[in-house]
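Numbering (my numbering), first residue to last: 197 to 439.
If you want it as structure tokens, here you go:
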């Protein structure tokens with residue numbers, strides 16, 4: 197793997213990391229163009245509270261403090277309850293590689309709140325600093341209805357990076373001149389000066405477009421209703437949500 201490239205690692209570099217045993221417990225089928233799906237193992241706990249580890253502290257060592265009780269992954273997890281699952285993947289990253297995690301879009305559409313925890317990392321969804329070595333876990337809270345999970349279910353994904361990939365405010369202004377952000381209803385790009393909300397940190401703050409009617413969905417399913425994530429294209433969305 198090249199040591200001179202800064203930015204997000206593409207699929208071919210993720211594949212090289214797997215071949216070099218820097219990523220364990222995964223398979224090529226979980227690789228996307230610039231991310232890796234992280235999958236559930238059979239190890240699942242219901243917990244009373246979530247605790248971030250201190251530097252040098254493993255997630256497993258915190259299970260008694262979280263009042264973890266073993267749960268069966270082949271039984272639905274209850275709406276509103278908090279769970280912690282060990283992921284199949286573990287990492288032994290090169291010294292210049294670090295990562296961040298985010299939920300898969302399908303996880304958000306099912307109104308599941310998920311956060312990744314890593315051994316010795318006192319932040320959610322972070323695989324830092326560079327050169328991380330250890331296990332990965334995911335906290336799960338179904339917010340609207342019960343969910344049936346399975347071993348191998350991907351709820352979140354990992355993006356790997358080298359170097360500092362953050363935008364500066366100057367980078368953002370240049371990118372917007374090239375058409376980074378477009379008007380939602382008119383066929384024209386927005387200028388940097390069009391940003392109404394700006395935190396001056398190189399980020400674009402997005403807001404809901406409520407003027408044009410429907411901007412979200414309300415869950416109408418009962419908390420006891422079960423959705424099985426393995427049944428893809430099986431359910432009628434109208435049984436669970438309404439505009």
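Positions of the beta carbon are idealized from the N, C-alpha and C atoms, including for glycine.
These numbers come from a predicted model, not from an experiment.
Do you know offhand how far residue 416's Cα is from residue 240's?
Translated into positions along the chain shown, residue 416 becomes position 220. Translated into positions along the chain shown, residue 240 becomes position 44. Cα to Cα, the separation comes out at about 28 Å.
Taking 9 Å as the threshold (C-beta atoms), are residue 334 and residue 280 in contact?
One-based indexing of the chain shown puts residue 280 at position 84. One-based indexing of the chain shown puts residue 334 at position 138. In contact: residue 280 and residue 334 (Cβ atoms closer than 9 Å).
Helix, strand or coil for residue 251 per DSSP?
Locating residue 251 in the chain shown gives position 55, counting from the first residue. Coil at residue 251, not helix or strand.
Let's test the definition: count the other Cβ atoms within 10 Å of the Cβ of residue 285 and tell me whether it reaches 16, buried, or not, exposed.
Indexing the chain shown from 1 puts residue 285 at position 89. Buried: at least 16 other Cβ atoms inside 10 Å.
Pick helix, strand or coil for residue 331, following the three-state DSSP scheme.
Start at 1 with the first residue of the chain shown, and residue 331 comes out as number 135. Looking at residue 331 - three-state DSSP - the assignment turns out to be strand.
In whole angstroms, give me the CA-to-CA distance for residue 426 and residue 396.
Numbered from 1 along the chain shown, position 230 holds the residue referred to as residue 426. Numbered from 1 along the chain shown, position 200 holds the residue referred to as residue 396. Each residue's Cα considered, the two are about 42 Å apart.
Considering only the beta carbon of each residue, do residue 235 and residue 380 sit closer than 9 Å?
As a position in the chain shown, residue 235 is number 39, starting the count at 1. As a position in the chain shown, residue 380 is number 184, starting the count at 1. Not a contact, by the Cβ cut-off of 9 Å.
Please go through the region 328 to 395 and give each complete alpha helix (DSSP H) segment of 4 or more residues, from N-terminal end onward.
Listed in chain order, they are 365 to 373.
Work out the CA separation of residue 412 and residue 405 for me, nearest whole Å.
The sequence position of residue 405 within the chain shown is 209, counting from 1. The sequence position of residue 412 within the chain shown is 216, counting from 1. Each residue's alpha carbon lies about 10 Å from the other.
Could you name each continuous beta strand (DSSP E) segment of 3 residues or more that falls completely within the region 404 to 436, going from the start of the chain to the end?
Correct list: 422 to 424.
If you draw a straight line from the C-alpha of residue 197 to the C-alpha of residue 299, how long is it?
Translated into the one-based positions of the chain shown, residue 197 becomes position 1. Translated into the one-based positions of the chain shown, residue 299 becomes position 103. With a pLDDT of 49 at residue 197, under the threshold of 50, the modelled position of that residue is not reliable, and the figure given next carries that caveat. Whole-angstrom Cα-Cα distance: 27 Å.
Ignore the nearest five residues each way along the sequence and tell me which others in residue 217's own chain have a CB closer than 8 Å to its CB.
Position 21 of the chain shown, counted from the start, is the residue given in the question as residue 217. Once the five neighbours on either side are set aside, the close Cβ partners of residue 217 are 288.
Tell me whether residue 362 is buried or exposed, calling it buried when 16 or more other Cβ atoms sit within 10 Å of its Cβ.
For this step, residue 362 is matched to residue 166 along the chain shown. Its Cβ having fewer than 16 others within 10 Å, residue 362 is exposed.
Out of 268, 246, 293, which one is the CA nearest neighbour of residue 202?
As a working mapping, residue 202 is identified with position 6 in the chain shown. Nearest of 268, 246, 293 to residue 202, Cα basis: 293.
Taking DSSP as the reference, what is the three-state secondary structure of residue 197?
As a first step, residue 197 must be located in the chain shown, where it is residue number 1. Low per-residue confidence applies at residue 197: pLDDT is 49, beneath 50, and the placement is therefore not dependable, though the value from the model is reported in the following sentence. Coil at residue 197, not helix or strand.
Go to residue 295, then tell me how far its beta strand (DSSP E) extends in each direction, as first and last residue.
Within the chain shown, numbered from 1, the residue matching residue 295 stands at position 99. Per DSSP, residue 295 belongs to the beta strand (DSSP E) from 293 to 299.
Do residue 283 and residue 332 count as a contact pair if the criterion is CB distance below 9 Å?
Here residue 332 refers to the residue found at position 136 when the chain shown is read from its first residue. Here residue 283 refers to the residue found at position 87 when the chain shown is read from its first residue. Against a cut-off of 9 Å, the Cβ pair of residue 283 and residue 332 comes out as a contact.
Between the C-alpha atoms of residue 264 and residue 370, what's the straight-line distance to the nearest angstrom?
Translated into the one-based positions of the chain shown, residue 264 becomes position 68. Translated into the one-based positions of the chain shown, residue 370 becomes position 174. Straight-line Cα distance between these residues: approximately 49 Å.
Find the nearest neighbour of residue 259 within the set 400, 385, 315, judged by alpha-carbon distance.
Here residue 259 refers to the residue found at position 63 of the chain shown. Minimum Cα distance to residue 259 is reached at 315.
Nearest CA to the CA of residue 233: which residue from 291, 352, 261, 429?
By 1-based counting over the chain shown, the position of residue 233 is 37. If we check each option's Cα against that of residue 233, 352 comes out closest.
Closest to residue 291 by CA distance: which of 358, 394, 207 is it?
Taking the chain shown and counting its residues from 1, the one referred to as residue 291 is at position 95. Measuring from the Cα of residue 291, the nearest candidate turns out to be 358.
Grab me the residues of residue 355's own chain with a C-beta within less than 7 Å of its C-beta, minus the 5 sequence neighbours each way, in chain order.
Counting from 1 along the chain shown, the entry for residue 355 is found at position 159. Closer than 7 Å at the Cβ level, and outside the excluded window around residue 355, lie 204, 230, 231, 295, 296.
Do residue 310 and residue 336 have their beta-carbon atoms positioned less than 9 Å apart in this structure?
Position 140 of the chain shown holds residue 336. Position 114 of the chain shown holds residue 310. A contact, by the Cβ cut-off of 9 Å.
Helix, strand or coil for residue 265 per DSSP?
To locate residue 265, count along the chain shown from 1; it is residue 69. Strand at residue 265.
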